[in-house]
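Trainee:
So, in structure tokens, the structure goes:
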């Protein structure tokens with residue numbers, strides 16, 4: 001019994017390794033080493049250097065953005081400051097700078113004629129057809145107003161009156177070109193607990209008050225001139241103030257934390273976000289409506305409706321960080337070592353098919369054994385003796401494999 | 001010396017390949033090919049066709065959303081338009097449509113009785129217990145008001161008076177069902193520099209002004225009727241206007257850029273975002289408070305407080321794009337080729353354990369060599385001669401491996 | 001012909017497996033098994049238990065956040081409630097709680113002296129130099145006002161007058177410490193269609209009205225006291241109310257959906273988001289400007305400008321979910337099985353280089369074949385006969401490989 005256990009243990013600690021054929025051929029040897037070199041180069045250049053295979057990556061970047069717009073403009077003979085033209089006012093990552101407005105002052109609830117062309121009418125019937133329309137400035141009552149002379153009437157609406165007439169156009173606030181956007185972006189890579197800001201603490205107050213971002217000369221200045229951004233995306237001021245538009249400021253963090261953390265700095269990219277709709281006939285630009293509400297002590301509620309065309313700015317933060325970590329490093333190292341063995345697959349194909357001594361190599365590499373089951377039963381009598389093995393050893397004409405047991409008396 | 005260097009170089013360009021045993025057995029051969037076929041099918045169907053293993057993927061989708069709500073409703077005998085019921089007004093990816101409000105007009109700073117039931121009192125002591133409470137409409141002063149007849153008093157508060165009484169209920173604005181939401185979503189895949197909009201440029205203005213999104217008939221129409229959305233998520237209008245609620249509009253971009261870029265179109269999904277709290281007793285629905293502030297020339301500041309129940313809509317953009325790239329293609333191709341070899345592992349198990357001629361195969365496959373160290377020292381004398389090798393060659397009863405050097409004189 | 005096809009089919013269903021050398025050595029056997037054990041342990045502990053290699057992962061978490069702030073404070077002798085101090089009012093995932101304000105009441109459009117120190121002047125020339133500046137409260141006209149006695153003048157500006165004087169300081173609203181933030185966060189994992197809320201439906205109304213989040217005692221309470229949050233991030237109330245600041249509330253969902261879905265609960269983390277700028281001289285804290293607009297029936301538009309210092313709170317939801325799926329499970333299982341074979345690479349190095357019987361093992365493992373091409377042409381005459389093979393079999397002195405064909409008559 002103890003003997004058996006010992007035998008089991010002995011058998012367990014047996015080591016198996018593949019039997020190899022060593023081919024002393026310059027041509028195949030060189031091909032083999034070149035392919036191995038290519039595999040090693042692939043791992044060094046692509047897996048480790050380009051893809052940073054030895055690093056643990058944190059893609060769950062946490063970001064907080066604070067923005068502050070500065071600048072003074074004139075619109076409709078009024079000076080506009082930040083509180084007037086930035087929406088919403090809190091300075092988040094998404095905000096609009098109003099460049100032009102259609103102002104409809106002193107609206108109160110009541111009934112009045114619609115201003116839109118599509119609500120023109122000659123009879124009440126024309127307006128009855130438009131009951132329930134969502135496209136007007138108020139609820140269509142079904143009456144046609146101002147059509148005493150038989151033409152040119154407008155449907156009556158119920159709602160805020162007078163209705164907005166957005167065909168009135170004002171010169172947009174051109175000074176927007178000189179407005180500056182200050183961006184404070186702090187990010188954190190939770191996996192490595194690394195916190196970074198988009199500008200170094202060492203920047204002094206006077207530099208920050210005067211600098212403007214430039215990709216070459218002031219890459220760390222967190223203040224962006226609207227005019228500069230427009231130049232970066234090849235847009236003219238007129239093209240964007242005319243209808244409004246959406247601009248993306250992309251802050252991209254790609255950090256290699258194996259180097260000093262002070263090298264972890266963002267890159268800025270600018271895009272026109274509504275570029276996809278450039279050729280679209282419908283719905284160009286960016287505009288929205290808002291109202292300011294007024295009420296005197298006992299009077300009715302009044303409001304001033306604004307249809308604002310604006311430059312909408314969206315700050316998009318993306319990025320990831322990598323840092324050396326033994327686990328991915330070891331995995332990729334093992335992958336690299338085992339992949340070197342793949343050269344064999346390629347060289348075997350050459351050696352066994354295209355090399356001049358292919359048949360000889362096949363004879364060396366392959367050893368043949370036929371299906372015991374398909375052999376005549378007589379052979380099985382010799383099982384356990386050398387004969388049965390000998391009987392199994394035959395020449396395979398097809399693959400050129402050569403059995404090693406060639407000391408067959410019949411062959412000698 | 002030169003000879004030695006040459007020898008080193010010669011040895012370096014030596015090619016090693018595994019020696020193979022070729023088994024001519026129909027059963028194992030078929031199993032082998034079937035397993036190889038399954039592995040190839042797995043790579044073709046799963047890795048390449050389903051997982052798009054030959055493509056480089058860009059998951060860092062950049063998105064900009066602009067929304068515009070249209071529709072007119074009546075609430076409390078007033079006509080409400082976009083400027084009245086959409087919060088915030090700029091038309092971003094997250095906004096609320098107010099369906100009902102509790103309006104508390106003409107509030108000024110002062111002292112007045114609380115309205116909440118939990119601030120009922122009979123003595124000042126009852127109110128002193130509630131000092132510092134955050135649940136009322138103002139700061140509790142500690143006095144009990146209107147308790148002259150011994151019951152039914154309310155604690156006095158300091159703050160905006162009169163206090164809001166949110167038990168007053170108004171009919172919600174039912175017209176919200178016919179409101180439409182226009183969504184302009186432009187996305188960019190930065191890796192491939194591909195920009196797409198959620199509707200084709202070819203859509204003409206009149207179609208966009210009249211169409212409503214339908215997954216079957218109008219999949220490219222960017223205008224969504226609120227009532228349709230509610231139907232998609234199996235919610236009745238009453239269930240959501242009653243308490244307010246949160247709806248998600250998911251825009252999903254899955255783009256295969258190997259095909260024409262015009263095939264890169266979004267799919268829309270709708271969800272009730274607060275579904276997780278459906279059965280929760282506490283805090284149902286969606287509501288928020290805001291105030292409009294008024295001030296006459298010399299009077300005190302007044303405000304109108306609104307407690308608004310709203311449908312909150314969140315537009316969630318997700319997606320990724322893939323495009324053929326030689327690096328992932330080659331990596332997966334190599335993986336496919338080498339994985340085909342894995343069939344051997346499976347077939348070896350069958351061949352060496354469950355096949356009828358298992359012992360014979362073992363004899364062919366395994367060649368045994370014992371630990372030289374554990375051999376008697378006498379054997380070491382013969383080291384280098386053929387004898388030592390012969391001595392090492394023994395029959396292993398356990399694994400059935402059979403040494404090839406069976407030309408042992410004792411056997412013959 | 002039929003014979004040939006049959007032969008092709010027979011050859012196709014041939015099975016090839018590597019010929020192995022079995023080494024009966026305790027030392028190498030134990031090393032082999034230990035290395036194999038380490039590889040298996042790596043797969044069990046790291047790949048399957050830590051990295052959840054048997055699960056399909058959904059990282060595209062969809063989230064909706066609703067927040068509600070409660071609390072009453074006093075600022076400048078006025079009671080402030082939610083409608084006064086929360087911006088924006090809709091209760092989204094990003095909002096500001098105003099803790100202090102510089103209020104400039106009754107501004108109208110006009111001309112007045114600047115208040116900023118940097119706009120001091122003695123002559124009009126000083127002000128002409130500042131034309132076009134964006135740093136003041138209005139557009140510099142170029143005149144120097146109030147410089148009658150030769151000193152201490154201020155440039156004239158055009159805009160909202162009187163200009164804001166932000167050196168006036170008020171006591172911040174200290175009660176913010178007791179304000180509570182209720183967070184309703186519902187998430188969805190689209191791949192598994194699992195919807196979860198951040199608090200269980202079973203929480204009753206009275207608990208939710210009184211509880212405060214605590215990581216140990218009340219981990220499911222969705223109500224967070226501002227003072228508690230500040231304690232979690234080691235910040236004093238004064239440090240944040242003084243200048244304003246940004247706080248992140250991180251809701252992290254890590255769900256293993258192989259267990260009951262009720263175990264899928266979030267964890268909360270708190271960070272000071274502007275920590276990166278702690279040591280920065282420029283631009284500390286968090287503040288923004290907004291205005292309330294007033295207009296009497298026929299008077300000019302007036303506004304009250306507020307420069308608000310605020311605690312900005314950003315709720316960041318992250319997470320992923322995993323669930324057993326046969327595809328990743330099988331892939332990793334196959335990877336585990338094949339990786340066990342890697343132990344050979346390591347053991348071969350030991351066996352063939354550092355083991356005492358290295359030469360003998362090499363002789364067994366390697367079988368040599370020289371390049372047929374480099375052999376003398378005479379040998380080629382014997383090609384196909386046994387002799388040519390014999391001629392190829394030589395002793396390699398370098399790698400110690402030993403040809404098996406040692407039945408060479410010259411050797412015997």
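Chains as they are written, first to last, in the UniProt record's numbering: chain E, 1 to 412; chain Y, 1 to 412; chain H, 1 to 412. All residues carry an ideal CB built from backbone N, CA and C; glycine is no exception.
1) Near residue 73 of chain E, which residues of its chain fall below 8 Å by C-beta distance, leaving aside the five closest residues on each side in sequence?
2) At least one CB of chain E closer than 8 Å to the CB of residue 18 of chain Y: is that the case?
3) When the Cα of residue 184 of chain E is compared with those of E:203, E:159, E:169, E:166, which residue comes out closest?
4) Jot down the residue ranges of each uninterrupted beta strand (DSSP E) in the stretch 37 to 105 of chain Y, minimum 3 residues, whole runs only, in chain order.
5) Looking at the secondary structure, which residues open and close the beta strand (DSSP E) in which residue 268 of chain H lies?
6) For residue 235 of chain H, does the three-state DSSP call read helix, strand or coil?
7) Taking only beta-carbon atoms, is residue 280 of chain H less than 8 Å away from chain Y?
8) Check whether the stretch 241 to 259 of chain Y and the stretch 301 to 315 of chain Y are in contact - that is, three or more C-beta pairs closer than 8 Å.
9) Consider the Cβ of residue 144 of chain E: report whether some Cβ of chain Y lies at a distance smaller than 8 Å.
10) Ends of the alpha helix (DSSP H) at residue 326 of chain E?
11) Would a C-beta distance cut-off of 8 Å place residue 21 of chain H and residue 362 of chain H closer than the cut-off?
12) Kindly indicate the opening and closing residues of the beta strand (DSSP E) around residue 293 of chain E.
13) Identify each residue in the stretch 328 to 350 of chain Y for which the Cβ-Cβ distance to at least one residue of chain H is less than 7 Å, and report them in chain order.
14) What is the rounded straight-line gap between the Cα of residue 26 of chain H and the Cα of residue 366 of chain H?
15) Is any non-hydrogen atom of the ligand NAP found closer than 7 Å to the C-beta of residue 267 of chain Y, if you look at the structure I gave you?
16) Any beta carbon of chain E sitting closer than 8 Å to that of residue 125 of chain H?
17) Taking the DSSP output, what are the residues bridged to residue 243 of chain Y?
18) I think residue 96 of chain E touches residue 310 of chain E, with their Cβ atoms under 8 Å apart; what is that distance to the nearest whole Å?
19) Helix, strand or coil for residue 109 of chain H, going by three-state DSSP, please let me know.
20) Taking CB distances under 8 Å as the criterion, tell me whether residue 291 of chain H reaches chain E.
21) So is residue 99 of chain E in contact with chain H if we call contact Cβ pairs under 8 Å?
22) Around the Cβ of residue 295 of chain H, are there at least 16 other Cβ atoms within 10 angstroms (buried) or fewer (exposed)?
23) To the nearest angstrom, how far is the alpha carbon of residue 191 of chain Y from that of residue 52 of chain Y?
24) Assign residue 354 of chain H to one of three DSSP states: helix, strand, or coil.
25) Quick check on this structure: which residue in H:220, H:305, H:241, H:286 has the alpha carbon closest to the alpha carbon of residue 264 of chain H?
26) By the three-class DSSP mapping on this structure, what secondary structure does residue 212 of chain E have?
27) Could you spell out the range, first to last residue, of the beta strand (DSSP E) harbouring residue 155 of chain Y?
28) Using a cut-off of 8 Å between C-beta atoms, extract the partners of residue 180 of chain E located in chain H.
29) Name the two residues that bound the continuous beta strand (DSSP E) containing residue 183 of chain E.
30) For residue 287 of chain Y, which residues of its own chain have a beta-carbon under 8 Å away from its beta-carbon, when the five flanking residues on both sides are left out?
31) Rounding to the nearest angstrom, what Cα-Cα distance links residue 12 of chain E and residue 62 of chain E in this structure?
32) Within this structure, are the beta carbons of residue 23 of chain E and residue 35 of chain Y separated by less than 8 Å?
33) Per DSSP, residue 367 of chain Y is paired with what?
34) Could you check if residue 291 of chain E is buried or exposed, using at least 16 other CB atoms within 10 Å of its CB as the buried criterion?
35) For residue 332 of chain Y, which residues from the same chain have a beta carbon less than 6 Å from its beta carbon, with the 5 sequence-adjacent residues on both sides left out?
36) Measure the alpha-carbon distance for residue 77 of chain Y versus residue 87 of chain Y and round it to whole angstroms.
Mentor: Inspection of the coordinates gives the following:
1) 79, 80, 85, 173, 174, 175, 176, 179.
2) Contact with chain E is found for residue 18 of chain Y, since one of that chain's Cβ atoms lies less than 8 Å from the residue's Cβ.
3) Out of E:203, E:159, E:169, E:166, E:203 has the C-alpha closest to the C-alpha of residue 184 of chain E.
4) Counting only runs of 3 or more, we get 55 to 58, 62 to 70, 73 to 75, 78 to 80.
5) Element bounds for residue 268 of chain H: 266 to 272.
6) In the displayed model, residue 235 of chain H falls within coil according to three-state DSSP, outside both helix and strand.
7) Cβ-Cβ to chain Y under 8 Å: no for residue 280 of chain H.
8) The way I'd put it, the stretch 241 to 259 of chain Y does touch the stretch 301 to 315 of chain Y; three or more beta-carbon pairs between them come closer than 8 Å.
9) So, not an interface residue.
10) Residue 326 of chain E -> alpha helix (DSSP H) spans 326 to 340.
11) In this structure, residue 362 of chain H does not lie closer than 8 Å to residue 21 of chain H by Cβ.
12) Residues 287 to 295.
13) Within the stretch 328 to 350 of chain Y, the qualifying residues are 342, 344, 345, 347, 348.
14) Counting only the Cα atoms, residue 366 of chain H lies some 21 Å from residue 26 of chain H.
15) No copy of the ligand NAP appears in this structure; indeed no ligand is present at all.
16) Chain E contact via Cβ: absent.
17) Per the DSSP secondary-structure output, residue 243 of chain Y pairs with nothing in a beta bridge.
18) Going by Cβ atoms, the distance from residue 96 of chain E to residue 310 of chain E rounds to 4 Å, so yes, they are a contact pair.
19) Residue 109 of chain H: strand per DSSP, three-state reduction.
20) So, interface residue.
21) So, not an interface residue.
22) Label assigned to residue 295 of chain H: buried.
23) Looking at the two C-alpha atoms, the distance is approximately 17 Å.
24) Residue state, collapsed to three classes: helix.
25) Nearest C-alpha to residue 264 of chain H: H:220.
26) Residue 212 of chain E falls in the coil class under three-state DSSP.
27) 153 to 161 is the span of the beta strand (DSSP E), which, as asked, contains residue 155 of chain Y.
28) For a Cβ distance threshold of 8 Å, residue set 134 of chain H lies close to residue 180 of chain E, ordered along the chain.
29) Segment 180 to 189, the beta strand (DSSP E) holding residue 183 of chain E.
30) Within the same chain, and ignoring the five residues on either side of residue 287 of chain Y in sequence, the residues whose Cβ sits closer than 8 Å to its Cβ are 243, 244, 307, 308, 309, 310.
31) Between residue 12 of chain E and residue 62 of chain E, the alpha-carbon positions lie close to 52 Å from each other.
32) No, Cβ-Cβ distance for residue 23 of chain E and residue 35 of chain Y is not below 8 Å.
33) BP columns for residue 367 of chain Y point to H:21.
34) Label assigned to residue 291 of chain E: buried.
35) Excluding positions up to five away in sequence, the list reads 47, 53.
36) Residue 77 of chain Y and residue 87 of chain Y have their C-alpha atoms some 21 Å from each other.
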